[in-house]
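Worksheet: one structure, shown below.
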Amino acid sequence: MIEVDADGVVAFTQALVRIPSTNDPARGRSERSAAELVEARMREWGWDPVVYEAAPGRPNVVAVVEGGGGPGPTLMFEGHTDVVTEGDLSSWTVDPFGGEIRDGKLWGRGSADMKSGLAAVLYATRALQLAGTFPGRIKVCALADEEGLMLGAHHFVNAGLASDVDGAIVAEPEAGEICAVAKGALRLRVDLTGRMAHGAMPQHGRNPIAAAGALLVGLRTLQEELQRRHPAHEHLGEVYVTPTVVRAGSEEQVNVIPATASVFVDVRTVPGADHKEIADRVAALATGDGISAEVTVLVDRPPVDVPRTHPVVAALAAAHRAVTGEEPVYGGVPGTTDGTVLTHWGGVPSVVYGPGGKWIAHQADEFVEVADIVRCTRVFAEAARRFLHGDH
Numbered sequence: 001m002i003e004v005d006a007d008g009v010v011a012f013t014q015a016l017v018r019i020p021s022t023n024d025p026a027r028g029r030s031e032r033s034a035a036e037l038v039e040a041r042m043r044e045w046g047w048d049p050v051v052y053e054a055a056p057g058r059p060n061v062v063a064v065v066e067g068g069g070g071p072g073p074t075l076m077f078e079g080h081t082d083v084v085t086e087g088d089l090s091s092w093t094v095d096p097f098g099g100e101i102r103d104g105k106l107w108g109r110g111s112a113d114m115k116s117g118l119a120a121v122l123y124a125t126r127a128l129q130l131a132g133t134f135p136g137r138i139k140v141c142a143l144a145d146e147e148g149l150m151l152g153a154h155h156f157v158n159a160g161l162a163s164d165v166d167g168a169i170v171a172e173p174e175a176g177e178i179c180a181v182a183k184g185a186l187r188l189r190v191d192l193t194g195r196m197a198h199g200a201m202p203q204h205g206r207n208p209i210a211a212a213g214a215l216l217v218g219l220r221t222l223q224e225e226l227q228r229r230h231p232a233h234e235h236l237g238e239v240y241v242t243p244t245v246v247r248a249g250s251e252e253q254v255n256v257i258p259a260t261a262s263v264f265v266d267v268r269t270v271p272g273a274d275h276k277e278i279a280d281r282v283a284a285l286a287t288g289d290g291i292s293a294e295v296t297v298l299v300d301r302p303p304v305d306v307p308r309t310h311p312v313v314a315a316l317a318a319a320h321r322a323v324t325g326e327e328p329v330y331g332g333v334p335g336t337t338d339g340t341v342l343t344h345w346g347g348v349p350s351v352v353y354g355p356g357g358k359w360i361a362h363q364a365d366e367f368v369e370v371a372d373i374v375r376c377t378r379v380f381a382e383a384a385r386r387f388l389h390g391d392h
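Under UniProt numbering, the letters of the sequence shown match residues 1 to 392, in that order.
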């Protein structure tokens, strides 16, 4: 088994958690300090990382570690440096950016999602490098903005950096599950335009609020239809079509029929569902009765469905078995990750696996088990060895 620096990976996770790397310019916060810490550690190890600005002040850090053992595949390890806000401090019983270790757990915002995973892939790569030569190379990537629009992953793909990658392991917290499938996300904005009129004379107007109401009813029917056509997925569950925001009118002008209304819709899909078809159906539901509708696609992240037999998934499963002595448990990602972007826009088969509970992300008193950090580091190192040697 490859020897890993257990104390080092835990300490580095603590150092990352102590950086409040939320995207909050008003408070002077971004991923930059976390990215700089990652870059500095890479340079300490003799790596030659390149920093790319995914957006102003929001860097991606990418290092290519050559194995020195001749030609071979390219494995990508990926983690993100941003975290969500800590929220209401009164809901925390620990300092959200303290990185405290207590009761065998490392506490703090981003401890699970996903600074422990990011630390684990760095230290796993270093462990494999110190163990000797290996064929091919590992591309270690710390990307920005996963919690937002995934600007870091999109920049990585658009810059052509994914073109030589044969498989990616995304180190999000999955409680030991190997997740080669992920739910899709389609977010839509529907703008309805009618005609303004006095509330006492509705016959002279076209009320977009009534059209919004009809749309909301239609969305429920559409969800039921999609659920019939696409039965619940073993790991991802049902398709959901959820209206999340409705805007229209003004409380200061209750006697006015507004000219416009907007409905925002969050659609979660399983493999087989066609996002364009769904967007077109929503547009059809919104149109009619003298009301015009414009549908804008805000986010389009199709589902991920990588076969278990793919080398990157098989290598990870074999590594999990070798390190833990247990059969791997397969699951699915209920949301989306940078792996979604890598797979659908970069053509990179991706699988998600990492330290931390599956449902702990974004909660107060976020934590990760210290033993889980070390275990995942060992699994990552072994998975990389197997993938690059073709031993899976």
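Here a beta-carbon is modelled for each residue, glycine too, at the ideal position from N, C-alpha and C.
Judging by CA-CA distance, which residue of Phe264, Gly176 and Leu128 is the nearest neighbour of Leu188?
Here residue 188 refers to the residue found at position 188 of the sequence shown. Taking only the C-alpha atoms, the option nearest Leu188 is Phe264.
Which residues DSSP lists as bridging His233, in chain order
For this step, residue 233 is matched to residue 233 along the sequence shown. The beta-bridge partner set that DSSP reports for His233 consists of Gly237.
Tell me whether the beta-carbon of Ser111 lies closer than 7 Å to the beta-carbon of Glu366.
Taking the first residue of the sequence shown as position 1, residue 111 is located at position 111. Taking the first residue of the sequence shown as position 1, residue 366 is located at position 366. Against a cut-off of 7 Å, the Cβ pair of Glu366 and Ser111 comes out as a contact.
List the endpoints of the continuous beta strand (DSSP E) containing Asn266.
Counting from 1 along the sequence shown, the entry for residue 266 is found at position 266. For the record, residue 266 in the displayed sequence is Asp; it is not Asn. Thr260 to Thr269 is the span of the beta strand (DSSP E), which, as asked, contains Asp266.
Measure from the alpha carbon of Ala142 to the alpha carbon of each residue in Leu75, Val306 and Asn60, then state which is nearest.
Indexing the sequence shown from 1 puts residue 142 at position 142. Comparing Cα-Cα distances from Ala142 to each of Leu75, Val306 and Asn60, the minimum goes to Asn60.
Backbone secondary structure at Met150 - three-state DSSP:
Reading the sequence shown from its first residue, position 150 is the one you call residue 150. Met150 falls in the coil class under three-state DSSP.
Assuming Thr22 contacts Val84 under a Cβ cut-off of 8 Å, what Cβ separation, rounded to an integer in Å, is found between them?
Residue 22 sits at position 22 when you count from the first residue of the sequence shown. Residue 84 sits at position 84 when you count from the first residue of the sequence shown. About 7 Å separates the Cβ atoms of Thr22 and Val84, confirming a contact at the 8 Å cut-off.
Beta-carbon gap between Ala120 and Cys376 smaller than 7 Å:
Numbered from 1 along the sequence shown, position 120 holds the residue referred to as residue 120. Numbered from 1 along the sequence shown, position 376 holds the residue referred to as residue 376. In this structure, Cys376 lies closer than 7 Å to Ala120 by Cβ.
In three-state terms, what does DSSP make of Tyr330?
As a working note, residue 330 is residue 330 in the sequence shown. Secondary structure at Tyr330: strand, using DSSP grouped into helix, strand and coil.
Closest by CA to Val295, which one among Thr309, Asp266, Pro302 and Ala319?
Numbered from its first residue, the sequence shown carries residue 295 at position 295. Relative to Val295, the option among Thr309, Asp266, Pro302 and Ala319 whose CA is nearest is Asp266.
Any non-hydrogen atom of the ligand ADP closer than 6 Å to Arg206 Cβ
Among the components of this structure there are no ligands whatsoever, and the ligand ADP is therefore not found.
If you compare alpha carbons, which of Phe380, Arg18 and Val254 is closest to Ala318?
The residue given as residue 318 occupies position 318 in the sequence shown. Ala318 has its Cα closest to that of Phe380, out of Phe380, Arg18 and Val254.
Once DSSP output is grouped into helix, strand and coil, what is the label at Pro243?
As a position in the sequence shown, residue 243 is number 243, starting the count at 1. In this structure, Pro243 counts as strand in the three-state DSSP scheme.
Excluding the 5 residues preceding and the 5 following Ala322 in the sequence, name in chain order all residues of the same chain whose CB lies nearer than 7 Å to its CB.
Within the sequence shown, residue 322 is the residue found at index 322, counting from 1. Closer than 7 Å at Cβ, skipping near neighbours: Glu382.
Any contact of the segment 131-146 with the segment 66-84, i.e. 3+ C-beta pairs under 8 Å?
Verdict: yes, contact present.
Please report how far the alpha carbon of Ile101 lies from the alpha carbon of Thr244, in whole angstroms.
In the sequence shown, residue 101 corresponds to position 101, counting from 1. In the sequence shown, residue 244 corresponds to position 244, counting from 1. Going by the C-alpha atoms only, they are around 38 Å apart.
Note the first and the last residue of the continuous alpha helix (DSSP H) segment covering Lys276.
Stepping through the sequence shown from its first residue, residue 276 is reached at position 276. Taken as a continuous stretch (DSSP letters only), the alpha helix (DSSP H) holding Lys276 covers His275 to Ala286.
Classify Glu224: buried if its beta carbon has 16 or more other beta carbons within 10 angstroms, exposed otherwise.
Within the sequence shown, residue 224 is the residue found at index 224, counting from 1. Counting Cβ neighbours within 10 Å, Glu224 comes out exposed, since fewer than 16 surround it.
Tell me, please, which residues DSSP counts as bridged to Pro303.
Position 303 of the sequence shown, counted from the start, is the residue given in the question as residue 303. Paired residues: none, contrary to the question.
Return the Cβ separation of Pro349 and Gly167 in integer angstroms, given the expectation that the two are a contact with Cβ distance under 8 Å.
Translated into positions along the sequence shown, residue 349 becomes position 349. Translated into positions along the sequence shown, residue 167 becomes position 167. Cβ atoms of Pro349 and Gly167 come within 8 Å of each other, at about 5 Å.
Would DSSP call Gly8 helix, strand or coil?
The residue you call residue 8 lines up with position 8 of the sequence shown. Gly8 falls in the helix class under three-state DSSP.
Separation of Gly213 from Gly194, as counted between CA atoms
As a first step, residue 194 is located in the sequence shown; it is residue number 194 there, counting from the start. As a first step, residue 213 is located in the sequence shown; it is residue number 213 there, counting from the start. Between Gly194 and Gly213, the C-alpha separation is close to 14 Å.
With a CB to CB cut of under 6 Å and the five nearest residues on each side skipped, what residues in its chain are close to Glu238?
As a position in the sequence shown, residue 238 is number 238, starting the count at 1. If we look at Glu238 and ignore the five residues flanking it on each side, its Cβ neighbours are Gln227 and Ala232.
Under 7 Å between the Cβ atoms of Ala144 and Glu31?
Along the sequence shown, read from residue 1 onward, the residue named residue 144 stands at position 144. Along the sequence shown, read from residue 1 onward, the residue named residue 31 stands at position 31. In contact: Ala144 and Glu31 (Cβ atoms closer than 7 Å).
If you reduce the DSSP assignment to three classes, tell me which class Tyr52 lands in.
Taking the sequence shown and counting its residues from 1, the one referred to as residue 52 is at position 52. Strand, per DSSP.
Output the residue ranges of the beta strand (DSSP E) runs that lie fully inside the segment 117-162 and measure 3 residues or longer, sorted by chain position.
Listed in chain order, the beta strand (DSSP E) runs fully inside the segment 117-162 are 137-143, counting runs of at least 3 residues.
Per DSSP, cross-strand counterpart(s) of Ala63
Numbered from 1 along the sequence shown, position 63 holds the residue referred to as residue 63. Paired residue(s): Val140.
Return helix, strand or coil for Ile209, following the three-state DSSP convention.
Walking along the sequence shown from the start, residue 209 turns up at place 209. Here Ile209 sits in helix by DSSP.
Asp300 and Leu186 closer than 7 Å at C-beta
For the purposes of this step, residue 300 is identified with residue 300 of the sequence shown, where counting begins at 1. For the purposes of this step, residue 186 is identified with residue 186 of the sequence shown, where counting begins at 1. Yes, they are a contact pair.
Three-way DSSP call (helix, strand, coil) for Glu292 in this model
Taking the sequence shown and counting its residues from 1, one reaches residue 292 at position 292. According to the sequence shown, residue 292 is Ser rather than Glu. DSSP places Ser292 in strand when its eight states are reduced to three.
Distance between Glu327 and Tyr240 (C-alpha atoms, nearest Å)
In the sequence shown, residue 240 corresponds to position 240, counting from 1. In the sequence shown, residue 327 corresponds to position 327, counting from 1. A direct Cα-to-Cα measurement between Tyr240 and Glu327 gives close to 32 Å.
Endpoints, the alpha helix (DSSP H) within which Glu382 is located:
On the sequence shown, residue 382 is found 382 positions in, with the first residue counted as 1. From DSSP, the alpha helix (DSSP H) with Glu382 extends over Val370 to His389.
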